[in-house]
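Number of protein chains: 2
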Amino acid sequence: MGERVSSKADHVYGELKEAILTGALEPGEPIDKLALCERLGVSRFPVSAAVSRLAFERLVVIEPQHGSFVSRISVEDVRERLFIRTALECEIAAEAALRLSREGRAALAGNMAREREAVEAVDRQKFYELDVEFHQILTSHLGLRHSGEVLDGLRAHLERVRRLLMAPAGRIRVTLNDHQAVFSAIEAEDTVRARSAMADHLAGTTEQFETFARERPELFSA
Amino acid sequence: MGERVSSKADHVYGELKEAILTGALEPGEPIDKLALCERLGVSRFPVSAAVSRLAFERLVVIEPQHGSFVSRISVEDVRERLFIRTALECEIAAEAALRLSREGRAALAGNMAREREAVEAVDRQKFYELDVEFHQILTSHLGLRHSGEVLDGLRAHLERVRRLLMAPAGRIRVTLNDHQAVFSAIEAEDTVRARSAMADHLAGTTEQFETFARERPELFSA
DNA sequence: CTCTAGCCTCTAACATGCCAGCTGGGAAGA
DNA sequence: TCTTCCCAGCTGGCATGTTAGAGGCTAGAG
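Protein sequences, first through last, are from chains A and B. If you count by our numbering, then the first sequence holds residues 19 to 240, one letter each, in order. If you count by our numbering, then the second sequence holds residues 19 to 240, one letter each, in order.
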């Protein structure tokens, strides 16, 4: 939690990204750099650097000599990000079944226990955090730094649609079962089952998104 | 002023990236920003922006208040990038078997023909370009823009080690056969075989790298 | 000869001023 | 009233001056 040695540019980057992901800044909304400078007490330089980095991540689009805007959510993009995420996470699940350390398995077991508690308490926010953690435990305990980065980059985009989706309460019980299936396959060191369980899990997420996209087409750009 | 299609920062970025990928700037070498400013006739600002973007791609590392350096090649990183690439390309191969357009298949067939010519002519440089093209045809004709970007990002890093590897001449014939296997599986619309053929192909690349890393450990940082 | 402390240099980070291009709105003419 | 064209006011891109901190080098002490 100590972001002691962060540069000003990093700080602005964090603030902006947070605002975009939570939806405080809506897709298509212009970014007023000068207002940001004043509000955060910095010059235009770190703000420009931060916006530039976000443009690299495709979270904002810069129209030269015109303005910078929060990028719109494209159905095609989401679909493809889900494709990439599925491909990666399935391999990671298989890899986990193959060589996840004892500590990693313990961490997963602990996460599962807390997930069950969150389901009992019908605490969707808490459950979501644990959901993210479940997947991050796999990458971090397998030492897959870059995979984690790639997935985090994808998640950043998918997070925006998740806010819109706001999964129905019953959904978390399904997710819990999915995670349980992946976990037991990993415990059994069954790579094939781990891969397919993860595939099933993410197929559910994808299906959920497709349904939502059909129901609320006005929220997406393409 | 003259006609300007891209910003100066983009230009500097391109030049620097090219220099890093070709090895003109070696891993660990410091980047003299002022010399760059003078050589390209720009101020420090676009150079800083370019270096910052490359740092985001992990092609350079910035040590605050000290200097910017071309990032060293880490064995672990390469291993993981190959892992990610394999996971993605296998799914892409399966997807291609499922729904690659007629034009995509024609493009692949054309590529294969030119690959055969390059093998006959023992033109390794030409063959490498066609190798890259083979994989890019899949992403572009499937409309997988972001996957292509992710893979290009990975390839940028892997390109550096490929320069070192400089595959033995006999290797290109093996690669040609690998591509042929993937291609025929796609033609047959056999997703399972396409996936496994691609897996075999990339396993060969991975194996080649591991062998090289054992032979020349001094070239890597970890 | 070795180790250490302090200065000196070189770097990235940041502030600020200027420039050029795009847009939108208003004025002028049909 | 509608259309066209010009200008003013935004915006991002760029140049350049300033600041602060990390590291190396040297000199002095043990």
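Even for Gly, the Cβ is constructed at its ideal location relative to N, Cα and C.
The beta carbons of residue 58/B and residue 35/B sit no closer together than 8 Å. Shown here for residue 206/A: same chain residues with a beta carbon closer than 8 Å to its own, the five before and five after excluded, namely 115 in chain order. Residue 33/A and residue 191/A have their alpha carbons spaced roughly 33 Å apart. The count of Cβ pairs closer than 8 Å, one atom from the stretch 89-108 of chain B and one from the stretch 105-123 of chain A, reaches three, so the stretches are in contact. Under DSSP, residue 80/B takes part in a beta bridge, and its partners are 86/B.
Contact check for residue 129/B against residue 145/B fails: the beta carbons are separated by 8 Å or more. If you draw a straight line from the Cα of residue 220/A to the Cα of residue 200/A, it comes to about 11 Å.
In terms of beta-carbon proximity, residue 170/B stays away from the interface with chain A, with every pair separated by 8 Å or more. Annotation: the stretch 51-132 of chain B contains the following complete segments of the alpha helix (DSSP H) (minimum length 4 residues), in chain order: 51-58, 62-74, 93-117.
Straight-line spacing of the CA atoms in residue 84/B and residue 39/A works out to 33 Å. For residue 48/B, DSSP records a beta bridge to 87/B. A contact between stretches requires three or more CB pairs, one per stretch, nearer than 8 Å, and the stretch 229-237 of chain A fails this requirement with the stretch 132-146 of chain A.
Residue 182/A carries a helical assignment under DSSP once its states are collapsed to helix, strand and coil. A Cβ of chain B is located within less than 8 Å of the beta carbon of residue 102/A.
For residue 34/A, the enclosing alpha helix (DSSP H) covers residues 26-40. When C-alpha distances from residue 202/B are compared across 148/B, 181/B, 124/B, 157/B, the shortest belongs to 124/B. Interface criterion not met: the Cβ of residue 89/A is under 8 Å from no Cβ in chain B. Sequence-distant partners of residue 159/B (beyond 5 residues in either direction) whose C-beta falls short of 7 Å from its own C-beta, in its chain, are 118, 119, 121, 122, 125. Here the stretch 156-170 of chain B does not lie against the stretch 86-101 of chain B, with fewer than 3 beta-carbon pairs under 8 Å apart.
Per the C-alpha coordinates, the member of 56/A, 99/A, 37/A positioned closest to residue 47/A is 37/A. The C-alpha of residue 26/A lies about 31 Å from the C-alpha of residue 95/A. Scanning chain A for C-beta atoms nearer than 7 Å to the C-beta of residue 164/B yields 95, 98, 99, 102, reported in chain order. Annotation for residue 75/B: no residue places its beta carbon closer than 6 Å to its own, counting only its chain and skipping 5 residues before and after. A Cβ of chain B is located within less than 8 Å of the beta carbon of residue 70/A. Bounds of the alpha helix (DSSP H) holding residue 150/A are 142-159. A direct Cα-Cα distance of roughly 39 Å separates residue 155/B from residue 56/B. Within chain B, the residues whose beta carbon sits less than 8 Å from that of residue 74/A are 71, 74, listed in sequence order. Residue contact check for residue 127/B against chain A: no CB pair falls below 8 Å.
Annotation: Cβ neighbours of residue 67/B in chain A (cutoff 7 Å, chain order): 70.
Annotated three-state conformation of residue 196/A is helix, per DSSP.
Within chain B, the residues 102, 105, 106 have their CB atoms less than 8 Å from the CB of residue 106/A, given in chain order. If the five residues before and after residue 197/A are omitted, its C-beta is found closer than 6 Å to the C-beta atoms of 152, all from its own chain and listed in chain order.
Residues of chain A whose Cβ lies closer than 8 Å to the Cβ of residue 147/B do not exist, since the nearest Cβ in that chain is about 25 Å away. In terms of Cα proximity to residue 45/A, the closest of 226/A, 174/A, 178/A is 178/A.
Looking from the CA of residue 150/A, the closest CA among 172/A, 161/A, 164/A belongs to 172/A. With its beta carbon at least 8 Å from every one in chain B, residue 225/A lies outside the interface.
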